[in-house]
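Okay, structure first, notes after.
Following this line, the structure appears as structure tokens:
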């Protein structure tokens, strides 16, 4: 995704009346948003999935399905669940408003709408949406290292596995475990242990841009390498290994730390590939790296590396 | 002047002396063109209301009154929205026959026909 030109927030209006769409377009013309208009519930649900808008303006009285049902379906689908929905309706019934809010709408605008109020409510929903996204992201970050956490790794690995299978791309997973971390902690204290974790995370997190670095457990890290085969990932992992072993500790000049790495890609897996099998394969390789003396990178299929795959 | 049929139908009983309705947004630059279009579509809208009423098509009548209730105010014609709201209310709640609603329907039609295109006078 390009960082220099931020995308304008998308707002989807679902309303069966063209009169309303024209009005919304005129009234929101000067807002920094991309406004998309659809006329039916079916189109609306499809557009919500495809477009992933930040905010939906949803009419209650659609012809094919009422707005409450549309909202319930949006909330039931993980892909559309977090979109902020504002009900727009000519209904003055308090019950309708209560029902809409109970179903998970963030706000309610009466028709005919007051222009200032409409703009303010859309802005407020966009603001809230940004905060919700930020919080959701926070919940997936590791507090100490700032890397993604285990929960994120699980979600992301599942998505990457599905995508790699669908498009026939490579996908590798690296598991990395700091060597003798417990004795480091015992000898130099937990603050030093934390520093080791942070510096290691800094190295793993500043690699190639498609790689996804996560803190997998206490002193264990994971790196998802989309579009990368076993050989290339071995090289990536080895560069990380070297950098970690070269870290200088100003307060503890004599100390050297190291890490062991297990690497697996989809070709190491027998049968249908799953994220669990990929993790298990990388974990087994990591175990062999530890047993073989630590501070090294081992591939899941030890027979395969460093020679090319036999198929 | 200005009526497509040119037959002097603007003096038909349903306008009933309703004073001309001006949009409160006729000088709003963001909205002026939309208001003009809204008024220009009025003849067609009146025709839809009239034929739905004559053919006792409750669903169509309800749909258009609901749409006008929600939208007319947005174009600066609150009184059209109010007439539409009264008609929709009766359609939804009255046990009465659709033919009993002629007064409400005529009321809505005359409000619609009283709408003035911005720039006209």
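Residue numbers (the numbering used here), protein chains in the order written: chain A, 54 to 364; chain B, -5 to 115. For each residue, glycine too, the CB sits at the ideal point set by N, CA and C.
| Query | Result |
| --- | --- |
| Taking the CB atoms as reference points, tell me whether residue 85/B and residue 52/B lie closer together than 8 Å. | yes |
| For my contact list, residue 152/A and residue 161/A are in at a C-beta cut-off of 8 Å; report their separation, rounded to the angstrom. | Their Cβ separation, rounded to whole angstroms, is 10 Å, which puts residue 152/A and residue 161/A out of contact at 8 Å. |
| Can you tell me whether residue 3/B is helix, strand or coil according to DSSP? | Because the pLDDT of residue 3/B is 43, which lies under 50, any placement of that residue in the model is unreliable, and the question is left without a value. |
| List, from N- to C-terminal side, the alpha helix (DSSP H) runs of 4 residues or more that fit wholly inside the segment 118 to 190 of chain A. | 120 to 129, 147 to 155 |
| Just the C-alpha distance for residue 443/A and residue 101/A, rounded to the nearest angstrom, thanks. | Since the displayed chain A opens at 54 and closes at 364, residue 443/A lies outside it and no answer follows. |
| Taking 8 Å as the threshold (beta carbon to beta carbon), is residue 1/B in contact with chain A? | Residue confidence for residue 1/B is low, a pLDDT of 43 falling below 50, so the modelled location carries little weight; the figure read from the coordinates is stated next. Answer no: the Cβ-Cβ gap between residue 1/B and chain A never drops below 8 Å. |
| Output the distance between the C-alpha atoms of residue 106/A and residue 127/A, rounded to the nearest integer angstrom. | 12 Å |
| Select from the segment 177 to 210 of chain A all residues with a C-beta closer than 9 Å to any C-beta belonging to chain B, and list them in chain order. | none |
| Check this for me: beta carbons of residue 71/A and residue 94/A, under 8 Å apart or not? | no |
| By alpha-carbon positions, which one of 289/A, 169/A, 333/A, 237/A ends up nearest to residue 307/A? | 237/A |
| Using CA coordinates, which residue listed in 35/B, 105/B, 72/B, 42/B is at the minimum distance from residue 58/B? | 42/B |
| So with Cβ pairs under 8 Å, would you call residue 24/B a contact of chain A? | yes |
| If residue 264/A sits next to residue 223/A, beta carbons under 8 Å apart, how far is it from one beta carbon to the other, in whole angstroms? | Not quite, the Cβ-Cβ distance comes to about 13 Å (not below 8 Å), so this is no contact. |
| So the beta strand (DSSP E) residue 90/A belongs to, where does it begin and stop? | 87 to 91 |
| Cβ of residue 114/A less than 8 Å from any chain B Cβ? | yes |
| With the cut-off set at 8 Å, would you say residue 158/A and residue 138/A are in Cβ contact? | yes |
| Taking only beta-carbon positions, decide if residue 69/B is within less than 8 Å of chain A. | yes |
| Do residue 12/B and residue 105/B have their C-beta atoms closer together than 8 Å? | yes |
| Quick one: which unbroken alpha helix (DSSP H) runs of 4-plus residues sit fully inside the segment 235 to 321 of chain A? Chain order, please. | 243 to 257, 283 to 298 |
| Identify, in the order they occur along the chain, each residue of the same chain with its Cβ nearer than 7 Å to the Cβ of residue 63/B, setting aside the five sequence neighbours on each side. | 75, 78, 79, 82 |
| Name the residues in the segment 154 to 172 of chain A whose C-beta lies less than 7 Å from a C-beta of chain B; which are they? | 164, 165, 166 |
| With 16 as the cutoff for other CB atoms within 10 Å, does residue 49/B come out buried or exposed? | exposed |
| Rounded to a whole number of angstroms, what is the C-alpha to C-alpha distance between residue 69/B and residue 181/A? | 29 Å |
| State the start and end residues of the unbroken beta strand (DSSP E) segment that holds residue 110/A. | 108 to 112 |
| Determine the DSSP secondary structure at residue 66/A, reduced to helix, strand or coil. | strand |
| What is the C-beta distance between residue 275/A and residue 206/A, in whole angstroms, given that I count them as a contact (C-beta under 8 Å)? | 5 Å |
| Flag this pair as yes or no: are the beta carbons of residue 350/A and residue 294/A separated by less than 8 Å? | yes |
| According to DSSP, which residues form a beta bridge with residue 230/A? | 273/A, 313/A |
| Could you spell out where the alpha helix (DSSP H) holding residue 73/A opens and where it closes? | 71 to 80 |
| State the start and end residues of the unbroken beta strand (DSSP E) segment that holds residue 352/A. | 350 to 352 |
| Can you list, in chain order, the residues of its chain whose CB lies under 7 Å from that of residue 212/A, leaving out five sequence neighbours each side? | none |
| Going by the CB atoms, is the gap between residue 113/A and residue 90/A shorter than 8 Å? | no |
| Are the C-beta atoms of residue 175/A and some chain B residue less than 8 Å apart? | no |
| Taking 8 Å as the threshold (beta carbon to beta carbon), is residue 60/B in contact with chain A? | yes |
| What residue does the alpha helix (DSSP H) around residue 86/B start on, and which one ends it? | 72 to 87 |
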